[in-house]
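Q: For the sequence shown, counting from 1, position 37 maps to 37 in our numbering; every step adds exactly one.
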Amino acid sequence: MTTLYGPADIAIGMRDNISRVRLFDGPLDLKWHHCATTSDFIADLFALPFHASRNDYKEVRHSIGYLVNELIENAVKFREPGEIIVEASMDSDCFKVKVSNIVGDKTAATFQKLLSEITIGDPGDLLIQQIEANAADPDATGSGLGLLTLMSDYGARLAWIFSPVESSNRVHVETYATIPISQSH
């Protein structure tokens with residue numbers, strides 16, 4: 001059964017004017033440096049229209065790079081073997097990205113539990129609560145700090161679709177995100 005977490009409207013409209021990057025498993029394996037390299041490339045590409053203003057370019061590039069890096073890192077960290085697909089598009093006021101990968105069913109269940117906790121309430125309040133909880137337990141993992149930071153500090157809207165992969169104990173996860181992009185005048 002397919003399950004949606006977050007607002008459905010974020011998962012709509014990603015089919016128009018997208019750029020797609022596929023990260024494949026292979027002899028090099030997917031590592032952390034692939035996350036940064038890929039997110040830098042995507043940020044550079046989508047920040048180009050803002051090159052007339054150095055400040056706009058730097059801000060847009062940073063916001064897109066941070067968002068994409070966080071989502072790709074999560075996909076690499078929790079994935080089952082297989083490719084990770086990154087699709088991105090931008091219109092006049094927002095940047096949209098979708099990151100797709102496969103996870104184990106236990107990982108999916110743990111992630112869904114986390115999402116049910118971090119997608120309710122004010123992201124800023126939840127971020128402070130999670131920072132305090134992590135300070136009390138330095139061994140805590142899977143806290144959602146990166147996602148909460150995106151929502152609180154970057155105005156990101158996030159949604160996830162979980163779909164079981166037939167005849168396996170694996171789940172296809174699509175993570176959708178959109179952040180506002182504006183140009184100063």
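Glycine included, each C-beta is placed from N, C-alpha and C at the ideal position.
Since the model is a prediction, treat every value here as computed from it, not as a measurement.
1. Mind checking whether N101 and G121 have CB atoms under 8 Å apart?
2. Does DSSP put A133 in a helix, a strand or coil?
3. What are the boundary residues of the beta strand (DSSP E) that includes H172?
4. Does the region 51-66 come into contact with the region 107-120, if we say contact requires no fewer than three beta-carbon pairs (one atom in each stretch) closer than 8 Å?
5. Pull the bridge partners of Y5 from the DSSP assignment, please.
6. Assign K113 to buried or exposed, taking buried as 16 or more other Cβ atoms, counted over all protein chains shown, within 10 Å of its Cβ.
7. Beta-carbon within less than 7 Å of G104's beta-carbon, same chain only, minus the 5 sequence neighbours each way: which residues are those?
8. Would you mind giving the Cβ-Cβ distance between C35 and E73, rounded to the nearest angstrom? I have them listed as a contact below 8 Å.
9. Could you give the DSSP three-state label for A52: helix, strand or coil?
10. Is S39 near G65, with beta carbons less than 8 Å apart?
11. Check whether the Cβ atoms of L115 and V97 lie closer than 8 Å to each other.
12. For A133 and L148, I'd like the C-alpha separation in whole angstroms.
13. Given S89, which residues of its chain have a CB within under 6 Å of its CB, disregarding the five upstream and five downstream residues?
14. Report the residue from I161, S167 and V165 whose alpha carbon sits nearest the alpha carbon of Y176.
15. With 16 other CB atoms within 10 Å as the buried threshold, where does N55 fall?
16. Along the alpha helix (DSSP H) that carries E117, what are the first and last residues, could you check?
17. Given this structure, state the Cα-to-Cα distance separating L150 from V165, to the nearest angstrom.
18. Classify G124 as buried or exposed, calling it buried when 16 or more other Cβ atoms lie within 10 Å of its own Cβ.
19. Which word fits I179, buried or exposed, when buried means at least 16 other C-beta atoms lie within 10 angstroms of its C-beta?
20. Does DSSP put N17 in a helix, a strand or coil?
A: Looking at the coordinates:
1. no
2. helix
3. R170 to P180
4. no
5. W160
6. exposed
7. E80, N169 and R170
8. 5 Å
9. coil
10. yes
11. no
12. 14 Å
13. N17, I18 and K96
14. I161
15. exposed
16. D105 to I118
17. 28 Å
18. exposed
19. buried
20. coil
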